[in-house]
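K.L.:
Under full-length UniProt numbering, the first residue of the sequence shown carries the number 1, and numbering increases by one thereafter. Using N, Cα and C, we set each Cβ at its ideal position, and we do this for glycine too. On a predicted model such as this, the values are computed, not experimentally measured, just so you know.
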Amino acid sequence: MELLGEVATTGINPNIAKRTNNKAMITLSEAIDAYVKNRGHRLKPATEKQYRSILQNYSGDWMAHTLASISRERVEQRHKAITDGAVWFGADKTTLRAGVGTGSKAQADLWARALRAVCRFAHDHYRDDAGNTLLPDPPTLVLSTKRQWHGTVRKTERIRLHDFPRWFAAVAAVRDQGEQERDDIAVTVCDAAEMALFTGLRKSEIFGLTWDRVNMGGRFFWIDTTKNGDPLELPITDTLREMFHRRLKIKNADDVLVFPGVKGVIQETRHIIDRISAATVPESNDEMLSPVPFKWHDARRTFGTVAELVGVGNYILKRLMNHRTMRSADVTQGYLHFGADELLEPASRIERAILEHAGLVESKKSIDAQLLSALESMSDSEKRALLFSIVNSNGGLNVRK
C-alpha cells in the first residue's frame, strides 16, 4: 500500500527509480566487469588481462568511483600523468623488471583506449526504462577533441637483409650447442624462431601449435584460434617440412605441442633470444659488427618485407600473415579464398628469397647470370646444338639446327 501511495503521490515507482539510480551510479570496476561479461568469448583472455591490468595500474584509485564522476578534465590530466610517468597504482615497482611502470606515450594511449572501450559500452548499455542514456558522453572524447592522442608510431624493427647470413648462422650455432648439451628448450626456441621468420606468424600462434593441426601428407597446418578470430590454413614449404621432421625425431610420446616447454607452453624465451643475438657477432669481428637484435614481432615484419620485395599480392600476403579477411568490408576480398594449396607457391617464393639473402641457396639471379655468361661465349651453332639437346631431352619439340 505504501508503494502504491508513493506512486499515486509522485507518479514515480520507487523500485524503478532505485534501479535507474543504481545504473547511473555504476562504478568503473563494475563497468569493467559488465564489459567483459557482455563481450564474452569475443574478448580474448589476453585482451581482458591487458585491459584490467592497464586500468588498475594507471587508474587504480578510480575503481570505486562512479563513471559519471570521471570527467573529461580528469581523463586529460591522467593521460598526461601516465605519459610523464607520474602515476602508478600497480605492483611495487622494485619487484618488477626495469622500465615497467615508468609510463610512456604508448602506455598512456593504451590506457585511454581501454578506458574508452569500457566507457563507450557503459554509455550505451545503461539506460532507463524509456531507453534514455543515464551516463554522460565518454570522457575520453576530450583526447580526440583536443588532439591529445599521441598516435604512437608503428614499430619498424626487423632483421635487415644483409644481416640474414649472421642471424641464421647464430640460430644454427645456438641450436647445435643446445643439442650437444641436451638443452631441449634452446633447440625448441631456435626452431620456433626460424618458423617465425619463414611464416610471419605471431609468437603465441607458433608456441600454441599442436601436432593434431599439422598434416605432413597434405603439406599444410592450421591455426585454430588466431588474434583476429579467423581460422588460418597455411602451407608447409620445404624448409618447414624439414623443421617439422626434425621436431618429430625429438618428439616425446606425450607431447601435444610442436614446440613444448617443460610444463606446457614455453613462456620465457628472452635468454635464448639473447644468446642468438650475441652469437651474431663473429669472434674476430674485424668489421666491428654489432649484435643483430631480435624480438619475435621483428620476424613478422621481416617476413612481410620480403614478401613485398618478391611481389606477393596484397590479398595473399594478408592471408599468409593472418590479417583479417573473412569479415573485411572489402567486397573484392570477400570473393577471394586462399587455402594451403593456393598459398604454397607464394610462400615458397618468400622462403626462396629468405634463403638466398641468407646465402643458404644460390641466388636465381646468379644462376641466370652464369647461364647468360656461358651463352655469350658460345657460337650460334653451339647454341642451337645446346637448345636441341635440352628440348630433345624434355620429350621433344622439333627444333631446326
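So within the stretch 175-261, which uninterrupted alpha helix (DSSP H) runs reach at least 4 residues, ignoring any that extend past its ends?
P.N.:
Runs found: 184-199, 203-207 and 238-249.
K.L.:
Can you have a look at K263 and say buried or exposed, based on whether 16 or more other CB atoms are within 10 angstroms of its CB?
P.N.:
Locating residue 263 in the sequence shown gives position 263, where the first residue counts as 1. Looking at its Cβ environment, which holds fewer than 16 other Cβ atoms inside 10 Å, K263 is exposed.
K.L.:
Just how far apart, CA to CA, sit V399 and L309?
P.N.:
Start at 1 with the first residue of the sequence shown, and residue 399 comes out as number 399. Start at 1 with the first residue of the sequence shown, and residue 309 comes out as number 309. Its pLDDT being 44, under 50, V399 is placed unreliably by the model, and the measurement read from it follows with that caveat. Taking the straight line from one Cα to the other gives about 37 Å.
K.L.:
Please work out which residues of its chain come closer than 7 Å, Cβ to Cβ, to A114, disregarding the five sequence neighbours upstream and downstream, and give them in chain order.
P.N.:
Position 114 of the sequence shown, counted from the start, is the residue given in the question as residue 114. Closer than 7 Å at Cβ, skipping near neighbours: Y51, I54 and L55.
K.L.:
Taking all protein chains shown into account, decide if residue 402 is buried (16 or more other Cβ within 10 angstroms of its Cβ) or exposed.
P.N.:
There is no way to answer for residue 402, as the model of the chain reaches only from 1 to 401.
K.L.:
Do we get a CB-CB distance below 8 Å when we pair E308 with the residues of chain D?
P.N.:
Annotation note: the requested chain D is absent from the structure, which comprises a single protein chain.
K.L.:
Excluding the five sequence neighbours on either side, which residues of its own chain have a C-beta within less than 6 Å of the C-beta of L386, listed in chain order?
P.N.:
Position 386 of the sequence shown, counted from the first residue, corresponds to residue 386. So no residue of the chain qualifies.
K.L.:
Under 8 Å, with one C-beta from each stretch per pair, do the stretch 26-45 and the stretch 67-77 reach the 3-pair mark?
P.N.:
Touching, yes.
K.L.:
Which residues does DSSP pair with T27 in a beta bridge?
P.N.:
As a first step, residue 27 must be located in the sequence shown, where it is residue number 27. Answer by DSSP bridge pairing, in chain order: T66.
K.L.:
Run the CB neighbour count on K146, radius 10 Å, all protein chains shown included, and call it buried at 16 or more, exposed below.
P.N.:
Your numbering for residue 146 matches position 146 in the sequence shown. Per the 10 Å Cβ criterion, exposed.
K.L.:
According to DSSP, what are the bridge partners of T133?
P.N.:
On the sequence shown, position 133 is the one that residue 133 refers to. In the DSSP output, where bridge partners are listed per residue, T133 has R127.
K.L.:
Should G208 and M321 be called a contact, given that it needs their Cβ atoms to be closer than 8 Å?
P.N.:
For the purposes of this step, residue 208 is taken as the residue at position 208 of the sequence shown. For the purposes of this step, residue 321 is taken as the residue at position 321 of the sequence shown. It is not a contact, given that the beta carbons lie outside the stated cut-off.
K.L.:
Using CA coordinates, which residue listed in P346, V306, N38 and K37 is at the minimum distance from R319?
P.N.:
Reading the sequence shown from its first residue, position 319 is the one you call residue 319. Ranking P346, V306, N38 and K37 by Cα distance to R319 puts P346 first.
K.L.:
For Q180 and V258, what's the separation of their Cα atoms in angstroms?
P.N.:
By one-based count along the sequence shown, residue 180 stands at place 180. By one-based count along the sequence shown, residue 258 stands at place 258. If I take the Cα positions, the gap works out to 21 Å.
K.L.:
Would the beta-carbon of I354 fall within 8 Å of that of F198?
P.N.:
Indexing the sequence shown from 1 puts residue 354 at position 354. Indexing the sequence shown from 1 puts residue 198 at position 198. Yes.
K.L.:
Going by beta carbon distance, what residues of the same chain come within less than 6 Å of L317, once the five residues before and after it are set aside?
P.N.:
As a first step, residue 317 is located in the sequence shown; it is residue number 317 there, counting from the start. These residues qualify, in order along the chain: A307.
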